[in-house]
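Report on the following structure.
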Amino acid sequence: MPVDTALTGPDIGRLLVTCPDRPGIVAAVSRFLYDAGANIVESQQYSTNPFDGTFFLLVTYHLAGLARRDSELADEFSDLANSFGMDWKMTRAADRKKVAIFVSKADHALQELLWRHHSGELNCDIQLIISNHPDTAPVAATWDIPFHHIPVTPQTKHEAEARELKLLGHETDLIVLARYMQILSADFLDSFGGPIINIHHGFLPAFVGGNPYGEAAERGVKLVGATAHYVTADLDAGPIIEQDIIRVDHRCSVSDLQRMGKHVERSVLARAVAWHLDDRVIVHKNKTIVFT
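Remember, the working numbering sits 68 above the position in the sequence shown when you count from 1.
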């Protein structure tokens, strides 16, 4: 999905809200933006229950001179937010998030992200690529992105993660695991502190281990799928952002399943990353509200 340039300009702001549902929320937010001189160009909302549930809101607005007014606008909005018990975030579409990509040997998800970034479909700056294998170094060189090979073994995992964190510094807004076949430790997650998006295959039923496509072929699966989710300390149990499937049948070989699985993995991951970059995802408990 290409980035809508009309919604990524220097005077475009986004407001994400989570709060207890009650009458008047949309009216109050709209009035606030109107009084500030802003023009709402997009508004989406969702309530878990309109009587006693949780309310979620995404508002995209245009405000001339936003770059010099955004801090003032946020300060003024805090009073309104407090009156409704809101968790909220204001962002500027022009503030491109800084992204690091982690990858192992398979390059299909990495290539998809780099191509979409190059074509303008991912509104971010890709700062670096980190890999525990050297295989994708030529891919990074093709796109002129810094590549760092950091081998990981059970004995060197702590040291390797320390090197990764040093490379990330304090400027990285998002890590994307583009088929990075290592489990990040709880210490790494705590030290980084920011969002991490992972992609993995997802079958019905699920298959684990080193040869999932082979096991799936033996069982005669009818669906091949993928899941993109935020990473938490609970392995593969973080909030799901996007999923998709492809139908398969008895004629599909293991290589067919692998090829089709790569197609769905790369598209699912790209969509999830794009939605995150465009501030379209709200995490609530262990699920997400995604305004597409």
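The C-beta atom is built at its ideal place from N, Cα and C for all residues, glycine as well.
Discussion item. I need the DSSP call for T210, collapsed to helix, strand or coil.
Written reply: helix
Practice prompt. Return the chain-ordered list of same chain residues with a C-beta closer than 6 angstroms to the C-beta of L242, the five sequence neighbours on each side being excluded.
Written response: K165, V167, P263
Worksheet item: Is the segment 143 to 161 close to the segment 85 to 94, with three or more CB pairs under 8 angstroms?
Response: yes
Discussion item. With a threshold of 6 angstroms on Cβ separation, who are the neighbours of R231 within its own chain once the five nearest residues in sequence on each side are excluded?
Written reply: I218
Item to complete: Give the DSSP-derived three-state secondary structure of N266 in the structure shown.
Response: strand
Item to complete: Give the range of the alpha helix (DSSP H) segment to which H297 is assigned.
Response: From DSSP, H297 is part of no alpha helix (DSSP H) but of the beta strand (DSSP E) over 291 to 298.
Worksheet item: Considering only residues of the same chain and omitting the five flanking positions on each side of A106, which have a CB-CB separation below 6 angstroms?
Response: Y129, L131
Worksheet item: Any contact of the segment 203 to 213 with the segment 223 to 237, i.e. 3+ C-beta pairs under 8 angstroms?
Response: no
Item to complete: Throw me the rounded Cβ distance for the I265 and V244 pair, which I believe falls under 8 angstroms.
Response: 5 angstroms
Fill in: Residue closest to H176, alpha-carbon to alpha-carbon, out of S253, A338, T300, G92
A338
Practice prompt. Report the rounded CA-to-CA distance for F260 versus I309, giving the unit in angstroms.
Written response: 20 angstroms
Practice prompt. Inspect the beta-carbon positions of V336 and A305 and report whether they are closer than 8 angstroms.
Written response: no
Item to complete: Give the secondary structure of G157 by DSSP, where H, G and I count as helix, E and B as strand, and everything else as coil.
Response: Per the sequence shown, residue 157 should be read as Lys rather than Gly. The answer is strand: DSSP assigns K157 an E or B state.
Worksheet item: Distance, Cα to Cα, V341 vs V322?
Response: 28 angstroms
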